[in-house]
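Listed in order, the protein sequences are those of chains S and W. Each residue of the first sequence is one higher than the one before, starting from 1 at the first, in the UniProt record's numbering. Each residue of the second sequence is one higher than the one before, starting from 1 at the first, in the UniProt record's numbering. A virtual CB, placed ideally from N, CA and C, is assigned to each residue, including glycine. Predicted model, so just to flag it, every value in this text is computed and none were measured.
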Amino acid sequence: MAEITLSNITKRFGDTLALDDVSMTVPNGAFVVLLGPTGAGKTTTLRLVSGLDQPDAGRIEIGGTDVTRMTPAQRNVAMVFQQYSLYPHMTVRENLGFPLKSPLLRYDDAQIARKVSEVAEMLQIAHKLDNKATALSGGEMQRVSIGRALVRRPEVYLMDEPLSSLDAKLRADLRVELKNIQAQSGVPFLYVTHDQIEAMTMASHVGVLDHGRLVQFGTPREIYEDPVSVYAASRLGLPRINILPADLFAGAPTGARYIGLRPEQIRQGDGAESRVIRVEHLGDQTRLHLKFRNHDLITVTDAHSGLRSGDIVQITPDAPFYFDASGARVH
Amino acid sequence: MSHSVIARAAEATPPGLARRFKGLSDRAIAWSFVAPTIFLLLAVNIFPLIWTIRLSFTNFRANRPNAEVEWIGLRNYDRILTDSDIWQTMQATAHFLCWTIVLQVLIGFSLAWLINRKFKGNDLWTTIIVLPMMLSPAVVGNFWTFLYQPQIGLFNYVVAFFTGADPTSFSMIGSVSLAPWAIIIVDTWMWTPFVMLICLAGLRSIPDSIYEAAECDRASKWRQFWTITLPMTLPFLMLAVLFRGIENFKMFDLVVQLTGGGPGNTTTLTSIDLKREAFEKWRTGYASAYAIILFVTVFGLASIYVKALNKVKER
């Protein structure tokens, strides 16, 4: 376990700028989630930290040591690959034991067997230990891939969408397990996901990447409550933040071009009239799709709301975000 | 088996096709498609095999078609299996087979491993390496007799250059101890590229991401080779061994061209011996028994081997 520092990292693949002058510190014991759409540089960041790729410029430190030119083995990192990358000719047991058999670790067979069965138990794949790695479902493969990282205690865990192909129940279970491991071991996590809930519940820090640039880095609450741009604001929140022309409502500051309204920033009961298009009862809440002066809005209302489509709801912005024409935040 | 194929073909034939062939059932149509192939197989494979088995119990000679054919039971087999000359050709064949396979697999795999690194011009190198395989065995045999020439041969000159020995002091083809190696060297020169191509296919079938995972799992290059590269290319390697084994068991042209089976009987492989018995000495019955013995041997070895191959593939 160690603090990880990226200083002014730049990485190009041919003409594409994958990472552009990224600096970030992953504090010891932190759980950093990287957010951003495909091509934003999330996986590249993981690969650079792991040592599978070398940056074109910049410095990477793990625990104060410059590891920029070191191999993955020297860095002692564990990575969960998005495409699983299991060893296809080995059984699940052999896959999980593989990292432990590294001569660098000096475990005896009994220790290896114990650690493998612990991890298999936790990931609910104990009954598949003697299956061949290719004779598994996608979700099982993904769990083996996670297990192969979790069997040892590296300096840092790097995970590239590790829960993406699991069903909802298992995903919720493993979120808790991963959080526990992070809390107990103190090993920092660098974690890529598209899942809002994973980002909000697991992250101690969130890094928002946009076309290779780190546009915001902070706690999930900071990103959620104080986004620097439309882009950063759109990364978190379910339903997504509504972005509308600022002049739809009174009170926009000068320079503001857009108004950003999260569901809780839309107060219902007074103000301008909007029409309900659709009502979605989700159990714990109700989602309202509204039409407001030819603009679509999604907001949340009381779980037992009796609203129906066609009804009229009055709405007012409540401490909204304002953004300028480039999408940057205006205060 | 043919019945189930017919049944399946009949099932797969769309309804309505029968209407165009008036009076024929679907089954009859399916048969009419399959029959030529079955007939051809029977005519050129099954019938000769059965006929050979029959002849192997007789003293028939093809150059004397009018002579009376005598039924002599197992006497041909008895004579072959107790003939020390034939055992010597078997040994020569085994020696040739084992060494060509060992050398071709070792060199072929190493070459494939080197070519598989990403470097500039590796396509060109692959083409150059594969060249010998594209030549006719007769041509290869012929020009290697020149390379092996003690007086003017390049091979002797190169050996002399590195060892300091006199190039005219040894003759690869003329010497009883060197001739078996002469044919092994030429076959290895010619067919190693083939093994290399198969190994290359095996190596290329391993995705980079597997090595990346191993890299992150802190496996050294050495360990990656033994735990990933080798096990994952093993089915390909075994396939190469199967191909080369079958090919070299029936090796004929190259060796006839190079040594003609000599000196003495040292490079007389079974196929050469068999050809002599059948078409020079015209002992057709005897040669038939010989062929059946070889067939059973190859068939037995190949089926054991294919079973092992399938086991490796399943792993």
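| Query | Result |
| --- | --- |
| Any chain S beta carbon closer than 9 Å to residue 2 of chain W | Note that residue 2 of chain W has pLDDT 49, beneath the 50 cutoff, so the model's placement of it is unreliable and no number is given. |
| Cβ neighbour criterion (16 or more within 10 Å) applied to residue 321 of chain W | No statement about residue 321 of chain W is possible, as the shown extent of chain W runs from 1 to 315 and does not include it. |
| Min CB distance residue 202 of chain S to chain W below 9 Å | no |
| Residue 165 of chain W - DSSP class collapsed to helix/strand/coil | coil |
| Which listed residue (W/195, W/252, W/67) has its alpha carbon closest to that of residue 233 of chain W | W/195 |
| Three-state class that DSSP yields for residue 282 of chain W in the structure shown | coil |
| For residue 312 of chain W and residue 238 of chain W, believed in contact at Cβ under 8 Å, the rounded distance | 6 Å |
| Partner residues on chain W for residue 81 of chain S, Cβ-Cβ distance less than 9 Å | 209, 212, 213, 216 |
| Minimum Cβ-Cβ distance from residue 201 of chain W to chain S less than 9 Å | no |
| Cut-off 8 Å between Cβ atoms - residues of its own chain near residue 2 of chain W, not counting five sequence neighbours on either side | Residue placement at residue 2 of chain W cannot be trusted, given a pLDDT of 49 that sits under 50; the coordinates are not used to answer. |
| Residue 321 of chain S beta carbon less than 9 Å from that of residue 233 of chain S | yes |
| First and last residue of the uninterrupted alpha helix (DSSP H) at residue 218 of chain W | First-last for residue 218 of chain W: undefined, no H or E at that position. |
| Among W/183, W/267, W/294, W/109, the one whose alpha carbon lies nearest that of residue 246 of chain W | W/294 |
| Between the CA atoms of residue 230 of chain S and residue 11 of chain S - distance to the nearest angstrom | 25 Å |
| For residue 281 of chain S, three-class secondary structure by DSSP | strand |
| Cutoff 9 Å: residue 351 of chain S Cβ touching any chain W Cβ | Residue 351 of chain S is absent from the model: chain S starts at 1 and stops at 331. |
| Where residue 270 of chain S falls, given that 16 or more other Cβ within 10 Å makes a residue buried | exposed |
| Limits of the unbroken alpha helix (DSSP H) element including residue 223 of chain S | 220 to 225 |
| Cβ-Cβ distance between residue 32 of chain S and residue 224 of chain S below 9 Å | no |
| Residue 273 of chain S, DSSP secondary structure in three states | strand |
| Beta carbon of residue 181 of chain W nearer than 9 Å to that of residue 132 of chain W | no |
| CA nearest to the CA of residue 48 of chain S, picked from S/65, S/323, S/71 | S/71 |
| In DSSP terms, what residue 61 of chain S is bridged to | S/5, S/66 |
| N- and C-terminal bounds of the beta strand (DSSP E) containing residue 22 of chain S | 16 to 26 |
| Residues from the stretch 169 to 189 of chain S in contact with chain W, defined by Cβ distance under 7 Å | none |
| Under 8 Å from the C-beta of residue 148 of chain S: neighbouring residues of chain W | 213, 217 |
| Residue 321 of chain S in three-state terms, based on DSSP | strand |
| 7 Å CB neighbourhood of residue 63 of chain W in its chain, flanking five on each side removed | 282 |
| Cross-chain neighbours of residue 71 of chain S in chain W, by beta carbon under 8 Å | 215 |
| Pick from W/86, W/58, W/45, W/80 that is closest to residue 73 of chain W, judged by C-alpha positions | W/58 |
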